[in-house]
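Line by line, the protein sequences give chains A and B. Reading the first sequence from the start, the letters are residues 162 to 410 in my numbering. Reading the second sequence from the start, the letters are residues 952 to 1173 in my numbering.
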Amino acid sequence: MEEGVYSLIDVKEVHKFFGSLHVLRGISLSVQKGEVLVVIGPSGSGKSTLLRCINGLEAIDGGEVLVEGKKVNPHSRDVHKLREQVGFIFQRFNLFGHLTALENITLAPRLVKKMSSAEANEIGLRWLVQVGLSDKAKAYPAQLSGGQQQRVAIARAMAMSPKALLMDEITSALDPELVNEVLEVVTVLARQGMTMIVVTHEMGFARNVGTRVIFMDEGKVVESGLPEEIFDHPKQPRTNAFLNKVLSH
Amino acid sequence: MQIDTIIHIEDWFFLLEGAGLTIVLCLQAMFFGILIGLVVGVARTAKTRLIELPATAYVTVVRGTPLLMQLFIIYYCLPLFGINMPKFLSAALGLSFYTGAYVGEIIKAGLQSVDVGQREAARSLGMVSWQEFRYIVLPQALRVIIPPTFGFLIALVKDSSLVSIIGYIELTRASKLVVARTFKPFTLYLGAAVLYFVLCYGLSRFDVGYLRKRFSANLAEA
C-alpha cells in the first residue's frame, strides 16, 4: 500500500453486543493521519464502546477494525504491539496509584519499548514540562488534583510516541474549573499534528479543535461533517435534537 | 519409690525447645501455606469453572471445619487408607492446608482490590499480561495482602498448640509432659502462656513497627 493512501484507523461495519444489547450496529468510519475526529452523541450511543473496540480492550462481534492496515484482534498474541501505536486516555485517569507521576510515565517505555531508565526519564520529564507539571514528577496520584492526574495520563500515553490517541470523555469526571487545563494540553497536541479520536461533551472544544465531527446515536454514525456544518447546519433531525438539548444550558 | 516433682531448670529448657519447634512449625506452615494460597487465590479469580471450582471447594471446606478435625483426619484417618505419616509431617501438612485456605482468600481479596481500570491502562500502553501482573497488580495487591496475612501468622502461633493433641512435641505438649511428672499445672501452663505471649507480642510489634509502615495500604505517601 502506498504511504499516506490508507487510513490510520478503519472501522468497517462493526457490531458489538453486550449480552443481548446491540451496542454497535454496523458502524463504519475512517480516520486519516493528522485528523482530530470528534465523536458526539447521547449516552448509550456506543461512543466509549467504539473507542474500546479500536484499542482491542473489547472484542467485536462482527465487522473489522484496522489500525495502520492491520486487523485488531484482542485475542491474538500481538495485540499489545498494536496498543503501543494507539494511546488511550480514560475518563477516570487510571493512573498507577503506587507509582509517582514520573514513574507512571516511564514505566511503559522501559518495559515495552525497552528504553533505559535514563532515556525514559528524559522523555518523561519532557512530557511533564509540556503538560505543565514539571514540579510534580515525584508526586503520587493521590496527591494530585483530577486535572493534574489527567494531564499525567496524557503525558503517560504520549511518552510511548503513539500514532494516534483515543480519548474517552477525558474531562467528564473533572470539576469544571479543572477542565480547561486538560483541554489546553489536548489542543496543543492537536495543533502539533497528533491524530486523535475524541469522545466528548465539550462542544466548544469540539468546534475549535476538531477537524471533523461525527454524531453517533444507537450504535451508528448518523451524521458526519466539518464542525461548522454539524454545529451550525445539522442535516439530520436527531442531530439537531441532540444539539438543542446539549447547547441550551 | 520417690517421684521427682520438682520443676528443674532442664524442664524450662524443654519448654523453650518446644517453643522453638512451635516457631519452626509455624514458619513451615506459613511458607507452604502461602504457596498454596497463591495458587488458590489466583484460581479463585479464574474465569474457567474447572479451575475456580476446586479452589472454592477447598477454601469452603477448610474454613468451615475445625482445625482439630483436620489434624485428626490427617493423623488418624489417613492410616486407614494405608497412608502412615509421622507426627511432624501430619502437623506440618495440617497447618499448611489450614493456612493455605485462609491466606488464599486474603490473596484473592488483594488481587481483586486492584482497580480494573489500571489493568486496562496497563494493557492500553502495550504491556503484556505478566508485566501487568508483576508491575501493576502485584505491588498494589501486596499492600492489601500483607497486614492480614501477618495477623494470621500471629493467630497461627496460638492455633499450633492444637497439634499437641496428636502428640507432636511443641510448646503445649512439652508443658503437658512436665505437668504429668511434676503435678504443677499452674506454674507450667503459665510459663507456656508467657512464652506464647512473647512470641505473639514480638510478632505484633514487628507488624506495627516495620510492616505497617512499609506496606501500608494507604497510598498517599509523601
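Every residue gets a Cβ at the ideal spot worked out from N, C-alpha and C, and that includes glycine.
*asked:* Which runs of the alpha helix (DSSP H) at least 4 residues long sit entirely within the region 268-298 of chain A? Give them in chain order.
replied: Those alpha helix (DSSP H) runs which fall completely within the region 268-298 of chain A and span 4+ residues are 278-291.
*Using 10 angstroms around the beta-carbon of E174 of chain A, count the other beta-carbons present and answer buried if the total reaches 16, otherwise exposed.*
For the purposes of this step, residue 174 of chain A is identified with residue 13 of the first sequence, where counting begins at 1. Exposed: under 16 other Cβ atoms inside 10 Å.
*Reduced DSSP category for I170 of chain A - H, G, I as helix; E, B as strand; rest coil*: Position 9 of the first sequence, counted from the first residue, corresponds to residue 170 of chain A. Looking at I170 of chain A - three-state DSSP - the assignment turns out to be strand.
*Could you tell me which of A:L260, A:G307 and A:V292 sits nearest to A320 of chain A, measuring between CA atoms?*
Numbered from its first residue, the first sequence carries residue 320 of chain A at position 159. Selected option, being the one with the closest Cα: A:V292.
*So, helix, strand or coil for E330 of chain A, using DSSP?*
Taking the first sequence and counting its residues from 1, one reaches residue 330 of chain A at position 169. Reduced to three states, the DSSP call for E330 of chain A is coil.
_V349 of chain A (DSSP reduced to helix, strand or coil)_ = Locating residue 349 of chain A in the first sequence gives position 188, counting from the first residue. In the structure shown, V349 of chain A adopts helical secondary structure according to DSSP, grouped into three states.
_Bridge partners for K1164 of chain B per DSSP, in chain order?_
In the second sequence, counting from the first residue as 1, residue 1164 of chain B sits at position 213. Note: K1164 of chain B sits in no beta bridge, so no partner.
*asked:* Taking the straight line between their C-alpha atoms, what separation do you get for I958 of chain B and V1129 of chain B?
replied: Position 7 of the second sequence, counted from the start, is the residue given in the question as residue 958 of chain B. Position 178 of the second sequence, counted from the start, is the residue given in the question as residue 1129 of chain B. Going from the Cα of I958 of chain B to the Cα of V1129 of chain B covers about 8 angstroms.
*asked:* Contact criterion: CB-CB distance below 8 angstroms. Does A279 of chain A meet it with respect to chain B?
replied: Position 118 of the first sequence, counting from 1, holds the residue named residue 279 of chain A. A279 of chain A has a beta carbon lying at 8 angstroms or more from every beta carbon in chain B.
*Could you give the uninterrupted runs of the alpha helix (DSSP H) lying entirely in the region 1064-1088 of chain B, keeping only those of 4 residues or more?*
Taking 4 residues as the shortest admissible run, the region 1064-1088 of chain B contains the following complete alpha helix (DSSP H) segments, listed from N- to C-terminal end: 1067-1075.
_Quick check on the burial criterion: 16 or more other C-beta atoms within 10 angstroms. Buried or exposed for K299 of chain A?_
Walking along the first sequence from the start, residue 299 of chain A turns up at place 138. Result: exposed.
_Within 8 angstroms, do at least three Cβ pairs link the region 231-246 of chain A to the region 190-203 of chain A?_
Result no; under three Cβ-Cβ pairs closer than 8 angstroms.
_Looking at chain B, is there any beta carbon in it that lies within less than 8 angstroms of the beta carbon of E245 of chain A?_
For this step, residue 245 of chain A is matched to residue 84 along the first sequence. Closer than 8 angstroms to some Cβ of chain B, the Cβ of E245 of chain A qualifies, so yes.
*Around the C-beta of G971 of chain B, are 16 or more other C-beta atoms found within 10 angstroms, so that it is buried, or is it exposed?*
Along the second sequence, read from residue 1 onward, the residue named residue 971 of chain B stands at position 20. Answer is exposed; the Cβ neighbour count stays below 16.
*Check whether the region 1118-1128 of chain B touches the region 1140-1155 of chain B, taking contact to mean three or more Cβ pairs, one atom from each stretch, closer than 8 angstroms.*
At 8 angstroms Cβ cutoff, the stretches touch.
*Candidates A:L243, A:V240, A:N216 and A:Y301: which alpha carbon is nearest I266 of chain A's?*
In the first sequence, the residue the question calls residue 266 of chain A occupies position 105. Closest by alpha carbon: A:Y301.
*With DSSP as the reference, please indicate the residues paired to V199 of chain A in a beta bridge.*
Residue 199 of chain A sits at position 38 when you count from the first residue of the first sequence. The secondary-structure analysis by DSSP pairs V199 of chain A across a beta bridge with A:V359 and A:V374.
*Please confirm whether R244 of chain A and R1074 of chain B have their CB atoms less than 8 angstroms apart.*
Residue numbering aside, residue 244 of chain A sits at position 83 when the first sequence is read from its first letter. Residue numbering aside, residue 1074 of chain B sits at position 123 when the second sequence is read from its first letter. Yes, these two residues count as a Cβ contact at 8 angstroms.
*Do V228 of chain A and I170 of chain A have their C-beta atoms within less than 8 angstroms of each other?*
Translated into positions along the first sequence, residue 228 of chain A becomes position 67. Translated into positions along the first sequence, residue 170 of chain A becomes position 9. Less than 8 angstroms separates the beta-carbon of V228 of chain A from that of I170 of chain A.
_Buried or exposed (CB count within 10 angstroms, at least 16 for buried), E1083 of chain B_ = Taking the first residue of the second sequence as position 1, residue 1083 of chain B is located at position 132. When all chains shown are included, E1083 of chain B counts as buried.
*asked:* Using the three-state DSSP reduction, which class does H183 of chain A fall into: helix, strand or coil?
replied: The residue given as residue 183 of chain A occupies position 22 in the first sequence. The answer is strand: DSSP assigns H183 of chain A an E or B state.
_Span separating the alpha-carbon of P323 of chain A from that of A316 of chain A_ = Here the question's residue 323 of chain A lines up with position 162 in the first sequence. Here the question's residue 316 of chain A lines up with position 155 in the first sequence. C-alpha separation (whole angstroms): 11 angstroms.
*asked:* Give the list of continuous alpha helix (DSSP H) stretches no shorter than 4 residues that lie fully inside the region 1018-1062 of chain B.
replied: Those alpha helix (DSSP H) runs which fall completely within the region 1018-1062 of chain B and span 4+ residues are 1018-1023.
*Closer than 7 angstroms, Cβ to any Cβ of chain B: which residues of the region 250-265 of chain A, in chain order?*
Residues passing the 7 angstroms Cβ filter: F251, R253, N255, F257, G258 and H259.
*Mind listing the chain A neighbours of P1090 of chain B? Cutoff is C-beta to C-beta under 7 angstroms, in chain order.*
Position 139 of the second sequence, counting from 1, holds the residue named residue 1090 of chain B. Near P1090 of chain B (Cβ distances below 7 angstroms), the residues of chain A are H259.
*Can you name the residues that DSSP bridges to E384 of chain A?*
For the purposes of this step, residue 384 of chain A is identified with residue 223 of the first sequence, where counting begins at 1. Looking at the DSSP assignment, E384 of chain A forms a beta bridge with A:F376.
_Counting only Cβ pairs nearer than 7 angstroms, list the residues of chain A close to V1079 of chain B._
Working through the second sequence from its first residue, we reach residue 1079 of chain B at position 128. Within 7 angstroms Cβ-Cβ: H241.
*Pull up the distance between the alpha-carbon of K1038 of chain B and that of I1105 of chain B, whole angstroms please.*
In the second sequence, the residue the question calls residue 1038 of chain B occupies position 87. In the second sequence, the residue the question calls residue 1105 of chain B occupies position 154. C-alpha of K1038 of chain B to C-alpha of I1105 of chain B: approximately 23 angstroms in a straight line.
*Three CB pairs or more closer than 8 angstroms across the region 1093-1111 of chain B and the region 978-993 of chain B*: The region 1093-1111 of chain B vs the region 978-993 of chain B: in contact.
*How big is the Cα-Cα spacing for G285 of chain A and A269 of chain A?*
Working through the first sequence from its first residue, we reach residue 285 of chain A at position 124. Working through the first sequence from its first residue, we reach residue 269 of chain A at position 108. Each residue's Cα considered, the two are about 11 angstroms apart.
*asked:* For the region 305-315 of chain A against the region 275-284 of chain A, do three or more pairs of beta-carbon atoms, one drawn from each stretch, fall closer than 8 angstroms, so that the two count as touching?
replied: Cβ pair count under 8 angstroms is below three, so no.
*Which whole runs of the alpha helix (DSSP H) in the region 200-276 of chain A are 4 residues long or more, in chain order?*
Secondary structure within the region 200-276 of chain A: the alpha helix (DSSP H) runs of 4 or more consecutive residues, fully enclosed, are 208-215, 240-246 and 262-272 (chain order).
*Run of the alpha helix (DSSP H) containing V321 of chain A, from where it starts to where it stops*: Counting from one through the first sequence, the residue named residue 321 of chain A turns up at place 160. Contrary to the premise, residue 321 of chain A reads as Met rather than Val in this sequence. No alpha helix (DSSP H) holds M321 of chain A; DSSP gives it neither H nor E.
*How would you write the range of the alpha helix (DSSP H) that L978 of chain B sits in, first residue to last?*
Reading the second sequence from its first residue, position 27 is the one you call residue 978 of chain B. Counting along the chain, the unbroken alpha helix (DSSP H) around L978 of chain B starts and ends at I960 to R995.
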